[in-house]
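FYI, the UniProt record's numbering numbers position 22 of the sequence shown as 22, with every residue one higher than the one before it. All C-beta atoms in this analysis are idealised placements derived from N, C-alpha and C, irrespective of residue type, glycine included. Note that this is a predicted model, so its numbers are computed, not measured.
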Amino acid sequence: MQSSSNLFPVALISAERRGDLSEDVYRLKPGNSPDGTVELAVTRLGLADVPENRGTPIILLHGSFSNRRFWYSPKGIGLGAYLARRGFDVWIPEMRGHGLSKRNHDYARNRVADYARYDLPAIGAFVREQSGQKPHWVGHSLGATTLAAALGGQHLGAPMVASVALFGCQVSRTHWPLKIPPVEWGGRFILKRLAQVSGPRFKRGPEDEPAGVMIEAMRWNGLFGRFGDAERDWWKGLAEVDVPLLAVSAAGDRQDPDWACRQLFEQVGSEHRQYLCLGRKHGFTEDFGHVQMLVSKTAQTEVWPLVERWLKDPLTPLVGTHPEIAATV
1 MQSSSNLFPV
11 ALISAERRGD
21 LSEDVYRLKP
31 GNSPDGTVEL
41 AVTRLGLADV
51 PENRGTPIIL
61 LHGSFSNRRF
71 WYSPKGIGLG
81 AYLARRGFDV
91 WIPEMRGHGL
101 SKRNHDYARN
111 RVADYARYDL
121 PAIGAFVREQ
131 SGQKPHWVGH
141 SLGATTLAAA
151 LGGQHLGAPM
161 VASVALFGCQ
171 VSRTHWPLKI
181 PPVEWGGRFI
191 LKRLAQVSGP
201 RFKRGPEDEP
211 AGVMIEAMRW
221 NGLFGRFGDA
231 ERDWWKGLAE
241 VDVPLLAVSA
251 AGDRQDPDWA
261 CRQLFEQVGS
271 EHRQYLCLGR
281 KHGFTEDFGH
291 VQMLVSKTAQ
301 TEVWPLVERW
311 LKDPLTPLVG
321 THPEIAATV
């Protein structure tokens with residue numbers, strides 16, 4: 001079968017019409033990481049009746065224990081579907097072992113470092129090849145953290161990124177028990193025996209997460225931990241990032257609190273950056289939660305239009321909509 005890309009083997013595995021939307025699913029085999037079995041499913045959403053009139057490309061990255069359905073439900077509801085109906089060219093990757101992306105050979109050892117170094121650059125290159133434009137990137141939770149790692153590690157930059165929006169993204173919240181070496185060692189031992197953590201079992205989401213991602217997060221929070229891998233300090237690298245940035249927190253988010261999201265935002269060196277906290281104190285009708293900031297009826301009316309405005313013009317401040325929004329800090 002002929003590849004859909006000149007970069008690496010890509011197969012179109014399905015092409016369906018979903019109401020007013022078209023849904024094309026590609027299987028990417030980048031072959032750029034030590035594990036040659038990695039395959040990534042990427043769904044492309046657009047308007048079914050205007051397939052040749054693709055707009056600005058947007059890449060949406062889901063968080064932990066999740067998949068493409070965070071952005072696009074079977075009924076055609078979600079930020080991804082909303083943006084597609086607004087004329088954007090929407091791309092929704094699923095990380096290794098999530099959704100339509102099969103589990104790779106070393107699934108249990110998958111890490112954010114692998115996603116940032118190998119997977120996101122391959123996805124970005126493919127989307128740019130297909131669309132002819134630099135894509136905008138939007139990430140939620142672990143997807144946003146992976147984006148921050150790719151930027152701080154210099155795996156993604158201005159040639160591949162038109163702008164970045166990070167929702168519920170932080171690495172500063174400290175879990176003090178993990179500072180005690182025996183506790184960290186015990187946690188690693190248990191996770192290695194489990195190989196993965198079940199999202200459905202622990203009511204965290206529809207997908208499992210590989211133990212490697214959890215162990216990596218424990219290392220970040222360990223006694224001498226840092227946000228980075230053996231080669232790079234991603235936190236320091238964020239100071240060198242120079243792409244338009246929107247960072248969004250939620251006032252009711254206990255997992256990734258506002259203060260910690262703001263710390264990461266302030267570390268990024270971008271000239272054009274904006275910060276937004278979704279809460280009553282800042283002009284919204286409710287204190288949004290970690291998931292509700294993007295998946296709720298209130299988000300549809302209060303948050304999605306702001307995302308659209310940002311994507312259309314990341315260099316223009318959103319000042320005037322809510323008092324908390326500022327061009328820079």
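Secondary structure of Gln196 (DSSP, three-state): strand. Of the candidates Leu276, Lys236 and His136, Lys236 places its Cα closest to the Cα of Val268.
His282 carries a helical assignment under DSSP once its states are collapsed to helix, strand and coil. Around the beta carbon of Asp49, fewer than 16 other beta carbons sit within 10 angstroms, so the residue counts as exposed. Contact check for Gly153 and Trp234: beta-carbon distance about 5 Å, within the 8 Å limit, so the pair qualifies. Contact annotation, Val42 with Leu166: C-beta distance approximately 20 Å; criterion of less than 8 Å not satisfied. Proximity to Arg193 across Glu231, Ala108 and Trp137 peaks at Ala108, based on C-alpha coordinates.
Look at Ala81 here: in three-state DSSP terms it is helix.
Collapsing the DSSP output to three states places Ala108 in a helix. Taking all protein chains shown into account, Leu315 has fewer than 16 neighbouring C-beta atoms within 10 Å of its C-beta and is therefore exposed. The region 3-17 makes no contact with the region 70-86; the number of CB pairs closer than 8 Å stays below 3.
Excluding residues up to 5 positions away in sequence, Asp35 lie with their Cβ nearer than 7 Å to the Cβ of Asp106 in the same chain. Straight-line measurement puts the Cα of His136 at about 16 Å from the Cα of Ala81.
Under the three-state reduction of DSSP output, Trp71 falls in the coil class, being neither helix nor strand.
With respect to the C-alpha of Phe288, the residue from Arg309, Leu278 and Gly124 having the closest C-alpha is Leu278. Sequence-distant Cβ neighbours of Gly143 in its own chain, meaning closer than 6 Å and more than five residues away, are Leu61, His62 and Gly63. The Cβ atoms of Ala122 and Leu45 do not sit closer than 8 Å to each other.
With contacts defined as CB atoms closer than 8 Å, Val112 and Val38 fail to qualify as a contacting pair.
Non-local beta-carbon contacts of Leu311 in its own chain, meaning distances under 6 Å to residues more than five positions away in sequence, involve His136 in chain order. When only Cα atoms are considered, Val295 and His140 end up about 11 Å apart. CA-CA distance, Ile215 to Thr301, rounds to 38 Å.
With distances taken between CA atoms, Arg204 lies nearest to Phe65 out of His290, Phe65 and Asn6. For Asp89, there is no enclosing alpha helix (DSSP H); the residue is part of the beta strand (DSSP E) that begins and ends at Asp89 to Glu94.
The Cβ atoms of Glu94 and Asn6 do not sit closer than 8 Å to each other. For Gly283, the closest of Val291, Val303, Gly157 and Glu266 by C-alpha to C-alpha distance is Val303.
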